[in-house]
Structure formats: C-alpha cells, structure tokens
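S.K.: One structure, pasted below without further comment.
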Amino acid sequence: LRRDLRLPVRDVHLLEAGGGAAFLAISLRRDHPALPQRAMWAVWAYDPSFSKWVVVVDEDIDIRDYFQVLWAMSWHVQPERDLYVNRDTPTVALDPSVAEEDVDQAERKIVLSSKVGVDATRKHKFPARSVPPKEDLDQVDARWEEYGLGGAP
34 LRRDLRLPVR DVHLLEAGGG AAFLAISLRR DHPALPQRAM WAVWAYDPSF SKWVVVVDED
94 IDIRDYFQVL WAMSWHVQPE RDLYVNRDTP TVALDPSVAE EDVDQAERKI VLSSKVGVDA
154 TRKHKFPARS VPPKEDLDQV DARWEEYGLG GAP
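For the sequence shown, the numbering used here gives the first residue as 34, with consecutive numbering after it.
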C-alpha cells in the first residue's frame, strides 16, 4: 500500500478474532477524503477472497488494540456515509456465513460473498484527544497496588 500506491499508511494489522484473514485494520494519515476508500479497494484488488472486513482509521489509533479500533468505529462512522459494500466477491474458504443451510460447509463449492469497508477516520477537525501526560500514567502504573483497586492497571 505504501510502496506501490504511495498511500500514507502507518500500520496494517489482521485482527486475531478474524482468524488472521477476515478482519483487517489499516491506520493512515487522511490527507484526502478518498484515501480510506482507496486503501480498502487496494486490499480487495490484491486478493479478492481476503479481508471480509476492512476498517480504516486515523494514524493516531493503535490498530493492535481492539478497543481503539472499536472506539473509532463507534464515534467516527455514520453508516450511511462510511460503509462500503463490495458484493459478489470470492471469500475466505472457511467462512461459515456463506454456507447454505442444508449443505455441509466442508463439502460446499466455491461461492460468492460480500465484503464491508468501514471508513472510521475523522471527517472534520477534532480537538486533540485528552490523555494524561505519560509521566502521570507511569506513576499510576507503578503505584497501582497501593491504590487497592485490584487487578492490573
């Protein structure tokens, strides 16, 4: 994505919950409104059976943290505007959602599926996210047990 298409991609990650093939997250610098969609279509062009879900987030989102990806999807997406459905495409071979009811999934023939692209980038200027200074976070981590809150920070 970065080298061939010169997209300002920060990171790409296949989320474990998608079996390493069905859910792909991309973080990028959104210099132009069309960049998230270009990234989605580039992924599907590379391998049409790959990545049933492609979620594109801003570069400040840690895509290796499920919480941050879901947070961006929750607060940066208007479904009518930001979801893109790619119909009638090959699918990951083990996707049980495409098996017909009366057919054993292991015996099914190649079928077509659909993909969803989610533009979970900010569409307008937001104020900077409010995060305590790193020194304060480190101090809380170091003294967590003293606070008597249980568990790990």
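Even for Gly, the Cβ is constructed at its ideal location relative to N, Cα and C.
Please read these numbers as outputs of a predicted model, since none were measured by experiment.
Express the C-alpha separation of residue 58 and residue 49 in angstroms, rounding to a whole number.
M.R.: Here residue 49 corresponds to residue number 16 of the sequence shown, with the count starting at 1. Here residue 58 corresponds to residue number 25 of the sequence shown, with the count starting at 1. Taking the straight line from one Cα to the other gives about 11 Å.
S.K.: Counting Cβ pairs, one atom from each stretch, are 3 or more of them under 8 Å apart for the stretch 99-111 and the stretch 148-163?
M.R.: Yes, the stretch 99-111 touches the stretch 148-163.
S.K.: Assuming residue 88 and residue 61 form a contact by the criterion Cβ under 8 Å, report the distance between their Cβ atoms to the nearest whole angstrom.
M.R.: Position 55 of the sequence shown, counted from the start, is the residue given in the question as residue 88. Position 28 of the sequence shown, counted from the start, is the residue given in the question as residue 61. Actually they are not in contact, since the Cβ atoms of residue 88 and residue 61 sit about 11 Å apart, beyond 8 Å.
S.K.: Could you spell out the range, first to last residue, of the alpha helix (DSSP H) harbouring residue 177?
M.R.: On the sequence shown, position 144 is the one that residue 177 refers to. Careful: residue 177 lies outside any alpha helix (DSSP H) and carries neither H nor E.
S.K.: Considering only the alpha carbon of each residue, which of 73, 64, 65, 67 lies closest to residue 45?
M.R.: Position 12 of the sequence shown holds residue 45. That would be 73, whose Cα lies nearest to the Cα of residue 45.
S.K.: Can you tell me whether residue 84 is buried or exposed, with buried defined as 16 or more other CB within 10 angstroms of its CB?
M.R.: Residue 84 sits at position 51 when you count from the first residue of the sequence shown. By the 10 Å Cβ count, residue 84 comes out buried.
S.K.: Mind checking which residues open and close the beta strand (DSSP E) that includes residue 163?
M.R.: One-based indexing of the sequence shown puts residue 163 at position 130. Residue 163 -> no beta strand (DSSP E), and no H or E assigned at all.
S.K.: Assign residue 100 to one of three DSSP states: helix, strand, or coil.
M.R.: Taking the sequence shown and counting its residues from 1, the one referred to as residue 100 is at position 67. In the structure shown, residue 100 sits in a helix (DSSP, three-state: H, G or I).
S.K.: Where DSSP assigns a beta bridge to residue 79, which residues make up the other side?
M.R.: Start at 1 with the first residue of the sequence shown, and residue 79 comes out as number 46. Looking at the DSSP assignment, residue 79 forms no beta bridge with any residue, so it has no partner.
S.K.: With distance defined between alpha-carbon atoms, name the residue in 130, 90, 76 nearest to residue 66.
M.R.: Taking the first residue of the sequence shown as position 1, residue 66 is located at position 33. Out of 130, 90, 76, 90 has the C-alpha closest to the C-alpha of residue 66.
S.K.: Specify the secondary structure class of residue 44 as computed by DSSP and reduced to three states.
M.R.: In the sequence shown, counting from the first residue as 1, residue 44 sits at position 11. The answer is strand: DSSP assigns residue 44 an E or B state.
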